[in-house]
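Reading through the structure tokens given below for one structure.
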Amino acid sequence: MSQEARSRGFIESLCGEFQKHNSIDPTLYEHIDVKRGLRNADGTGVMAGITQIGNVQGYYIQDGERVPMEGRLIYRGIDVEELIQGFLSEGRFGFEETAYLLLFGALPTRRQLEDFNAVLSELRPLPPNFTEDMILRVPGRDVMNRLGRCVLALYCYDPEPEAQDLPNELRRALQLVARCPMIVAHSYAAKRHYFDNDSLYLHRSQDGLSLAENFLHAMRHDKHFTPDEARLLDLCMVLHAEHGGGNNSAFACRVLSSSGTDIYAAISAAVGSLKGPRHGGANKKVMEMFRYIQEGVSDWKDDGQVRDFLQKLLCREAGDRSGLIYGMGHAIYTLSDPRAKLLKRFAKDLADQKGMLPEFELVESVERLAPQVINDHRGQNKPVCANVDLYSGLVYKMLDIPEELYTPLFAMARMVGWCAHRVEEVYNPGNKIIRPAYKAVAPLQPFVPLDQRG
């Protein structure tokens, strides 16, 4: 037997040993009143902090009960729908303006916005030889893992990586926001070249382009994109920039920041969190689900056929057998997710331009039919709304963005929110290291000498 086979066999035996000694009775959580997932029994989040950055509203409390309401996403006190309508009505890209608002707390003046864009443009190029040393020499199949590694590596290029004075923290935050699209684009180029046997194209950032435009320029072989494509991507990034301090990745960033560690370590943790399919990776699962629906439903316009297939998804008879309809439901939003509403509104015109109206209408059908199917399956009558992932994957597909980049695009946008939460956590004098409690349930036992163990 080879050494590798012996090692594999031993590890497999250890799996049984682990399972024998590491099973926790699920009834203990209720008995001890543990807030699993840091959630209360009614699904609301356990209050863990205070923030001025963002707010998510999907219900209100009346007489101790949750009352559903139309969803609202609020950045620094401004409803995101009003924010988007504001910059669209003036014919501007909005992500940079949104970044300024989230990081500094107020909308910029025209001069401040011009100076902010100039600083981002100046900070956008990666350090000398960074792409060669950190991306091309050790390429990887997963762009999110590459992004997390590159964020950590930027520590080594920082002349004062441990200095936590406010000017240095803000400089690093702006560098991370500015550089993230180039890291993602170059990591994807390396992945395509080394693992997909494609040609290697590396494009530099361009002055005078918005962040969304620079990403499309860097990602595509021919560097070509249309104004409509850039504006829709810009809109996606505005909608993904922030979602309150309680979401998993922002909380991960705040947990690490509360320990006093550097910004690169804290942000890389947020990247790792967002990669998970229960968080930022959900949009890829939505697109996978729609491939199953398209193959399993012969007439996409037949509500009966679509409804029957959704029931099969819930019964684990189709799709990935998870029992989930991806893109439906949210922990906070009840009647509607404002991000999904806005993406849907702006995506329909592009779907028409791209010849993808049948796919768009299929997504609409799922949004319309799934709530009743879910309620019937669960024997309940609760509001279930489409979340942002139901439409974001379709939008990215219409923009000819490969699925490997769906979650990295989310990270590019959310980098602003993470950095805002990082700075707020570090510079709030009332904050302490975040240290929740875990109830130990292992019984006490004596130490047994080695020769007396069975």
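When you number the sequence shown by the numbering used here, it's gap-free, plus one each residue, and the end is 1728.
For every residue, glycine included, the Cβ atom is placed at its ideal position computed from N, Cα and C.
Contacting residues, own chain, Cβ-Cβ under 6 Å from residue i (five flanking each side not counted)
i     : result
H1495 : Y1475
Y1431 : P1401
L1394 : A1452
V1354 : L1347
F1367 : S1484 and D1508
Per-residue DSSP class, three states only, for residue i
i     : result
Q1386 : helix
G1319 : strand
E1339 : strand
R1619 : helix
E1516 : coil
R1415 : coil
R1313 : strand
E1344 : strand
F1499 : coil
S1596 : coil
P1441 : helix
Y1607 : coil
Y1538 : helix
C1510 : helix
F1550 : Inspection of the sequence shows that residue 1550 is occupied by Gly rather than by Phe. DSSP places G1550 in coil when its eight states are reduced to three.
R1366 : coil
S1276 : coil
H1305 : helix
Y1468 : helix
Bridge-paired residues (DSSP) for residue i
i     : result
M1602 : A1660
Y1349 : G1328 and I1352
Y1429 : According to DSSP, which records beta bridges pairwise, Y1429 is partnered with nothing at all.
Y1334 : V1341
Presumed contact (8 Å Cβ cut-off) between residue i and residue j, rounded CB distance
i     : j     : result
A1380 : A1515 : No, A1380 and A1515 are not in contact; Cβ-Cβ is about 16 Å, not under 8 Å.
S1610 : E1344 : 5 Å
L1584 : A1644 : 6 Å
D1472 : R1466 : 4 Å
L1397 : E1371 : Contact doesn't hold; Cβ gap of about 17 Å is too wide.
G1518 : R1528 : Actually they are not in contact, since the Cβ atoms of G1518 and R1528 sit about 11 Å apart, beyond 8 Å.
I1648 : M1602 : 7 Å
D1594 : E1633 : Actually they are not in contact, since the Cβ atoms of D1594 and E1633 sit about 20 Å apart, beyond 8 Å.
V1330 : I1606 : 5 Å
Sequence-distant residues of its chain with Cβ nearer than 8 Å to residue i (five each side left out)
i     : result
L1426 : Y1538, A1539 and S1542
F1499 : E1487, L1490 and H1491
Q1733 : Residue coverage of the chain in this structure runs from 1275 to 1728, which leaves residue 1733 outside it and unanswerable.
P1300 : none
Sequence-distant residues of the same chain with beta carbon closer than 7 Å to residue i, five excluded per side
i     : result
F1620 : L1506 and L1509
Y1670 : Y1680 and L1683
Y1462 : V1417, M1493, E1678 and L1679
M1630 : M1672
L1302 : V1715
E1641 : A1660 and L1664
Y1334 : V1341 and M1343
G1555 : K1549 and T1681
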